[in-house]
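One structure below.
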Amino acid sequence: MKFWTCLFALALVSACSDDGSGGSTAGEEDETQVPPVTGKVAMRAWIAAGHYKSWHCEAAPHDPIAISPHGKQRICSNDVLSAHGDGEYPVDSAGVKELYDAAGANVVGYAVYRHVNPGTDGASWYWYEEVPADSMAPHDADGIVADGLGDSGPAKDICVGCHAAAGSDAAHPGHDFVYVQVK
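So, in structure tokens, the structure goes:
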């Protein structure tokens with residue numbers, strides 16, 4: 455029987471095989487293509503570096519799809535997410551949603567998601583959302599709505615609770631927890 459493990463190292467998730475020979479190491483991951491999964495400090499630094507802005511991005515902020523609570527937004531998909539077709543997204547598929555003020559003029563928050571483990575449940579995704587202090591979204595004193603895997607807490611209740619419906623009907627486009635895939 456093989457046992458696969460996931461090693462959380464530094465600010466990155468690295469997949470490795472049971473004999474230690476497969477997968478990438480934290481030093482080999484391309485930080486320009488995958489957001490960190492170790493909390494708000496690392497995520498804020500990564501967002502500030504602007505790596506996601508070189509991904510496949512929508513041209514401008516716009517109103518969200520009808521079922522979205524996010525308000526005006528602009529979505530960017532990394533190369534892995536952008537290139538994928540039907541079915542489960544590959545590990546390291548990631549997206550960033552810039553959240554804008556009501557006028558669509560200023561970024562006021564971010565929602566970030568990354569497929570970190572094989573699987574078709576919300577727990578195989580890392581979820582992060584940060585909003586301004588005056589946001590109606592439930593958040594902590596730092597504006598954090600969710601920060602973690604979708605197996606518990608706000609990441610499960612809020613992010614997975616909504617994104618699980620992706621692809622379920624005409625009002626919920628997309629698939630595998632992703633509503634909008636920017637190609």
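Position in the sequence shown (from 1) plus 454 gives the number in the working numbering.
Every residue, glycine too, gets a C-beta built ideally from N, C-alpha and C.
Secondary structure of residue i, DSSP reduced to three states
i           : result
residue 507 : helix
residue 577 : helix
residue 516 : strand
Rounded straight-line distance, which links the Cα of residue j to that of residue i
i           : j           : result
residue 514 : residue 589 : 22 Å
residue 483 : residue 559 : 33 Å
residue 631 : residue 621 : 8 Å
residue 504 : residue 485 : 11 Å
Residue i - partner residues in DSSP beta bridges
i           : result
residue 537 : Residue 537 is not bridged to any residue.
residue 564 : 552 and 584
residue 600 : 583
residue 530 : 511 and 550
residue 623 : 626
residue 632 : 629
For residue i, the nearest candidate out of the options (CA to CA)
i           : options               : result
residue 617 : 510, 634, 503 and 607 : 634
residue 494 : 505, 597, 518 and 619 : 597
residue 602 : 628, 570 and 556      : 570
residue 502 : 561, 527 and 545      : 561
residue 527 : 610, 541, 583 and 575 : 583
Whole-number beta carbon distance between residue j and residue i, since they are thought to touch under 8 Å
i           : j           : result
residue 553 : residue 510 : That belief does not hold up - the Cβ atoms of residue 553 and residue 510 are roughly 19 Å apart, past 8 Å.
Contact with chain C by residue i, beta-carbon distance below 9 Å
i           : result
residue 515 : Looking at the structure shown, chain C is missing, and only one protein chain is on hand.
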